[in-house]
Amino acid sequence: MAMDKVYPHGGRDVQVLRDVDLLLEPGEMVAIVGASGVGKSTLLQILGTLDVPSSGKLLINDQDITSMGPARLAQFRNREIGFVFQFHHLLPEFTALENVMMPALIQRIARNKAERRARDVLGRVGLSHRLTHKPSELSGGEQQRVALARALVLEPSLLLADEPTGNLDKRTGESIHELFVELNRERGSTLLVVTHNPELAALMPRCLHMLDGGGLAERVQSEPYNTPVTAAPDAAVAPGDGSAEAADAPSAQDLPDADPPSASGAHDSPSQESR
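Residue 1154 in this note's numbering sits at position 122 of the sequence shown, and the numbers go up by one each step.
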């Protein structure tokens, strides 16, 4: 059953998503493009378990996410889903190393093991020499790399990125995309990127266009991505039959494609199929 999302607002219902039927295969790299206000960020929040559909179900690794209680859902999200946002949401009082360690510490991973993981992933994004620097001492591109490392420290099978290159210059944006591709090849994580950047979208092997009214249409890429990726063995997400309670009524600013939810160190890791 396809997913819908309706927000009550001003005494009427505003339909943000309509009949969204999306399947993400394990190890896929997918871009979603579309005009502002059509529901891209809302879809990303639902896929990231930060919101629930008004009807339909979301299945991740054959688990019905919409039936989970808050505590179990938070644990699942932290373990299985990684988030990268346009605005990095790094903790300003902590160093790059400490920011990246945070999700592991929240998962009660031993501090020495959390530090080893953080050092390793920061090295993989080219920041071994910036471990002790705070966000204010890093460039925009370096901050985005720290945010990416934080999202990867728990080795998620699903990585969700909302305008990850939106505040970066073209060259830095391309380097972030190259990192996505490299990490996808190494780990086989499923990657879903929401972007307004047509150049970034064109680099992805699969592109979906979000339509006015909240539907999705497949776009044919002119230069298909032809490098094979390794599928994550247990990554899958899909909406199924049934319904879930609608989220609390948002303010006007919280309607379609409002500011993305803040990504604290607690939100990091998954693999996914979504239908």
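The beta-carbon is built from N, C-alpha and C at its ideal position, and this holds for glycine as well. On a predicted model such as this, the values are computed, not experimentally measured, just so you know.
Put residue i into one of helix, strand or coil per three-state DSSP.
i: H1241; result: strand
i: F1117; result: strand
i: V1157; result: coil
i: T1074; result: helix
i: S1087; result: strand
i: H1041; result: strand
i: V1185; result: coil
i: R1140; result: coil
i: T1222; result: strand
i: M1035; result: strand
i: D1152; result: helix
i: E1125; result: coil
i: E1195; result: coil
i: E1250; result: strand
i: L1200; result: coil
i: L1054; result: coil
Between residue i and the rest of its own chain, which residues show a CB-CB distance below 8 Å, the 5 nearest in sequence each way excluded?
i: K1166; result: P1124, E1125, F1126, T1127 and A1128
i: V1048; result: K1037, V1038, Y1039, G1071, T1074, G1246, L1287 and P1288
i: H1209; result: T1197, L1232 and L1235
Taking the alpha carbon of residue i as the point to measure from, which residue in the options has its own alpha carbon closest?
i: G1066; options: A1249, M1242 and L1192; result: M1242
i: E1206; options: T1222, R1177 and L1190; result: R1177
i: A1146; options: L1184, F1115 and M1100; result: L1184
i: G1059; options: E1218, S1086 and L1211; result: E1218
i: L1211; options: F1119, F1108 and E1174; result: E1174
Rounded to the nearest angstrom, what separates residue i and residue j at their Cα positions?
i: H1121; j: D1045; result: 31 Å
i: P1237; j: M1061; result: 6 Å
i: G1172; j: G1220; result: 27 Å
i: R1050; j: R1151; result: 43 Å
i: R1148; j: I1092; result: 29 Å
i: R1104; j: A1142; result: 21 Å
Apart from the five residues just before and just after residue i, which ones in its own chain have a Cβ nearer than 6 Å to its Cβ?
i: I1097; result: T1081 and L1090
i: A1181; result: V1132, V1153, L1154 and V1157
i: L1224; result: V1062 and L1192
i: A1233; result: A1063, V1065, T1227 and C1239
Compare the C-beta of residue i with all C-beta atoms of chain D and state if any pair is closer than 9 Å.
i: Q1118; result: Among the chains in the structure shown there is no chain D, since it carries only a single protein chain.
Between which two residues does the alpha helix (DSSP H) containing residue i stretch?
i: I1064; result: Per DSSP, I1064 belongs to no alpha helix (DSSP H); it is in the beta strand (DSSP E), M1061 to V1065.
i: R1162; result: Looking at the DSSP string, R1162 is not in any alpha helix (DSSP H), and its letter there is neither H nor E.
i: L1082; result: That residue, L1082, is in no alpha helix (DSSP H); it is neither H nor E in DSSP.
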